[in-house]
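Student:
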Amino acid sequence: MEATVTDLETCNLFNLDIVREGRDRTIDAMLDMRGYRRTAAFVNAHCINVMARSHDYRWALDKADYILPDGIGMALAARMHGLGFEENLNGTDLFVPLCRAAAERGRSVFFFGSREGVAQAAAEHAAYLVPELKIAGTRNGYFDAADNDDIIAEINRSGADIVLVALGVPAQDIWIARHRHRLDASLVMGVGAQFDFWSGRIPRAPVRLRKMHLEWAWRLAVEPRRLARRYILGNAAFLGRAVKSAVSDRMAGPFSDWRARALDLVLASTAIATLLPVFALIALAIRLGSPGSVLFRQIRIGQGGEPFEVLKFRTMYADAEKRRDEVLAFKDRAGICFKAKNDPRITPVGRFLRRYSLDELPQLFNVLKGEMSIVGPRPALSDEVAAYPPKAHERLAARPGLTGLWQVSGRAEIGFDKMVEMDVAYVRSKSILLDFAMLALTVRAVLTGRGAY
Numbered sequence: 001m002e003a004t005v006t007d008l009e010t011c012n013l014f015n016l017d018i019v020r021e022g023r024d025r026t027i028d029a030m031l032d033m034r035g036y037r038r039t040a041a042f043v044n045a046h047c048i049n050v051m052a053r054s055h056d057y058r059w060a061l062d063k064a065d066y067i068l069p070d071g072i073g074m075a076l077a078a079r080m081h082g083l084g085f086e087e088n089l090n091g092t093d094l095f096v097p098l099c100r101a102a103a104e105r106g107r108s109v110f111f112f113g114s115r116e117g118v119a120q121a122a123a124e125h126a127a128y129l130v131p132e133l134k135i136a137g138t139r140n141g142y143f144d145a146a147d148n149d150d151i152i153a154e155i156n157r158s159g160a161d162i163v164l165v166a167l168g169v170p171a172q173d174i175w176i177a178r179h180r181h182r183l184d185a186s187l188v189m190g191v192g193a194q195f196d197f198w199s200g201r202i203p204r205a206p207v208r209l210r211k212m213h214l215e216w217a218w219r220l221a222v223e224p225r226r227l228a229r230r231y232i233l234g235n236a237a238f239l240g241r242a243v244k245s246a247v248s249d250r251m252a253g254p255f256s257d258w259r260a261r262a263l264d265l266v267l268a269s270t271a272i273a274t275l276l277p278v279f280a281l282i283a284l285a286i287r288l289g290s291p292g293s294v295l296f297r298q299i300r301i302g303q304g305g306e307p308f309e310v311l312k313f314r315t316m317y318a319d320a321e322k323r324r325d326e327v328l329a330f331k332d333r334a335g336i337c338f339k340a341k342n343d344p345r346i347t348p349v350g351r352f353l354r355r356y357s358l359d360e361l362p363q364l365f366n367v368l369k370g371e372m373s374i375v376g377p378r379p380a381l382s383d384e385v386a387a388y389p390p391k392a393h394e395r396l397a398a399r400p401g402l403t404g405l406w407q408v409s410g411r412a413e414i415g416f417d418k419m420v421e422m423d424v425a426y427v428r429s430k431s432i433l434l435d436f437a438m439l440a441l442t443v444r445a446v447l448t449g450r451g452a453y
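Residue numbers (UniProt numbering): 1 to 453.
(1) What does DSSP give as the partner residues of residue 462 in its beta bridges?
(2) Who does Phe42 pair with in a DSSP beta bridge?
(3) List the endpoints of the continuous beta strand (DSSP E) containing Ser373.
(4) By a C-beta neighbour count over all protein chains shown, 10 Å radius and 16 as the cutoff for buried, is Gly117 buried or exposed?
(5) Distance, Cα to Cα, Gly305 vs Leu433?
(6) Do Ile162 and Val109 have their beta-carbon atoms positioned less than 7 angstroms apart in this structure?
(7) Measure from the alpha carbon of Thr442 to the alpha carbon of each residue in Gly404, Phe111 and Arg428, then state which is nearest.
(8) In the DSSP assignment, what residue or residues form a beta bridge with Cys11?
(9) Where Leu152 and Ala185 are concerned, what is the direct C-alpha to C-alpha distance, given to the nearest angstrom?
(10) Could you pull the DSSP bridge partners for Thr403 from this structure?
(11) Would Gly73 and Ser114 qualify as a contact pair, given that the criterion is a beta-carbon distance under 7 angstroms?
(12) Assign Ile374 to one of two classes, buried (16 or more other C-beta atoms within 10 Å of its C-beta) or exposed (fewer than that).
(13) Compute the Euclidean distance between the alpha carbons of Trp218 and Pro291, then round it to the nearest angstrom.
(14) Whole-angstrom Cβ separation of Glu309 and Ile301, contact assumed at under 8 angstroms?
(15) Only counting the same chain, and skipping five residues up and downstream in sequence, which positions put a Cβ closer than 7 angstroms to that of Arg182?
(16) Which runs of the alpha helix (DSSP H) at least 4 residues long sit entirely within the stretch 171-218? Give them in chain order.
(17) When burial is assigned at 16 or more other CB atoms within 10 Å of the CB, is Ala386 buried or exposed?
(18) Please go through the stretch 115-160 and give each complete alpha helix (DSSP H) segment of 4 or more residues, from N-terminal end onward.
(19) Would you give the residue range spanned by the beta strand (DSSP E) that Leu164 belongs to?
(20) Here's a check: name, in chain order, each residue in its chain whose Cβ is nearer than 6 angstroms to the Cβ of Phe436, leaving out the five neighbours to either side.
(21) Which partner residues does Ser54 have in the DSSP bridge list?
(22) First and last residue of the beta strand (DSSP E) that includes Ser382?
(23) Tell me the DSSP secondary structure of Ala318 in three-state form.
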C-alpha cells in the first residue's frame, strides 16, 4: 500500500531530502504510518563518500522515505548551505526512544544482521531496557543471495511491524531497496553498527565525547585498523564534497559574492578538518582548568545589523558576565568597546588561548553558517552598536570576520575610532586579494601576540 509520507520538514543536501526535525517528531512520523510500507536510512560523512562511487547505493537512498542526518559532518554540510538540523538523529541515540515508542504502540521488532549471536544479544538488551517491547525475532547477517527467499519468509512469518537491518553501508540499504516490496513490516530501517553497540560487542564513547560530537574519534581509537581510512582520509574527502556542493549552490546566487563565500567555505572547512585534534585538546584543557562549559556563546551583530550567536572557547570563569561591572575600573581602552588587559576574570588557560588567538577557532563554524567571513570587521556587541556614531554603522555592510585589518594592526592596542576607520576602509575596498593579504598578516599577528588580551 502506498501513501504520502507524513509531513516532515527536510532540506536538500547532496541531492538527498534529509529530515530536519527533532527525534520525537521523527519517530512519531515513522511509526504512525502503520499499514504502509516505509523505509528509513541514516546518512553520515562516510555514507556520502560511499554514495559518490556506488550507483546502487545512490539508487537505494533515492528510494528511502526517510533519510536521517547522522553526525557532525552532516551538520557542517548543512551549515555550509546556511541550513541546520534540529537534532543529530544518529542511530545509536535513536535506538532506545524508537524501541520505547514501538512498545507504547504495541509494535514488534525483528533484528536482522551483524555477526552470529549479536542480533540476539542486541534484542535481549533492548528488551531489558524496554520490558514491554515485543521481539518478533532475530537473525544474523551472514547469508548468500540464495537465502533471501528464506530470510524474507522468516521475517514475514514473525509478524514484525518494524525490521532493523544491520548489514553495514551500503549493503543494508541496497538489500532493503531490492526486497522492500516483499516485506510486510510497516517500517524497515538500516541501522549500520547499532547491534554491535547495543549488544556490548563494541563500547560506546563516553557521554562527554558524544556531546562534543567526537564519537568518531573514540571509534577510531577503539578500531584504528578498520576505521583509520574511513575517518582520516574519508573526513577530508567528505569536506571536499561538502564544499563543492555548497559552492555550486552559492554560484547559483548573486555573482558578486560567491567568490568570497567560496573562499570562506574552503578555508573554514579545511581548517576545521586539520585542527580537530587541537579542538579536542583545548576542550580538555578548559574542562580541567575550571568548571563551566567549553564554549562561550554571545549575541553579536552581523551584516546588515542582524544578530547572531558567536562561538568562542571559554577563556573566563563561569561567573564572568556577572562580574563585568566590577572590572570596568580595569578598562584599558578608550571608546565604546570594553577591554581590560589585567582582567581578573580570565582563567590561566584562557590567557594562553587569548595570547595566540586560539579562543577564536570555534568561529570557523560561524563562517560555515554564513554568519561570519574569514576576513572582515570585528563582530560587535549589541550595546556597542547602539552607541555607534553614524560613520561606524558602515562597518555593518560586510560580514564580521575572524580576522581583519584591525586585528592584524595591534588588536586591543588600537582605539575605537581608529578601529572604525580601519574597518570602514576595508568594507569600501574589499577584494579577494586584500583578504589574502590580511590572512598573511594574521599569521604574524598571532605569532607575536601583539594586542591580544
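In this text, a Cβ means the ideal position worked out from N, Cα and C, and glycines have one as well.
Predicted model, so just to flag it, every value in this text is computed and none were measured.
Tutor: Taking the definition as stated:
(1) In the structure as shown, the chain begins at 1 and stops at 453. Residue 462 is therefore absent and cannot be evaluated.
(2) Leu68
(3) Counting along the chain, the beta strand (DSSP E) containing Ser373 begins and ends at Ser373 to Val375.
(4) That one is exposed.
(5) Distance between Gly305 and Leu433, taken at the CA atoms: about 26 angstroms.
(6) yes
(7) Gly404
(8) Ile18
(9) It is Ile, not Leu, that sits at residue 152 in the sequence shown. Between Ile152 and Ala185, the C-alpha separation is close to 11 angstroms.
(10) Val375
(11) no
(12) buried
(13) Rounded to the nearest angstrom, the two C-alpha atoms are 23 angstroms apart.
(14) Not quite, the Cβ-Cβ distance comes to about 11 angstroms (not below 8 angstroms), so this is no contact.
(15) Ile152
(16) 171-179, 194-199 and 207-211
(17) Exposed, since its Cβ has fewer than 16 Cβ neighbours within 10 Å.
(18) 118-129 and 148-158
(19) Ile162 to Ala166
(20) none
(21) DSSP output for Ser54 lists no bridge partner at all.
(22) Run containing Ser382: none in the beta strand (DSSP E); it sits in the alpha helix (DSSP H), Ser382 to Ala386.
(23) coil
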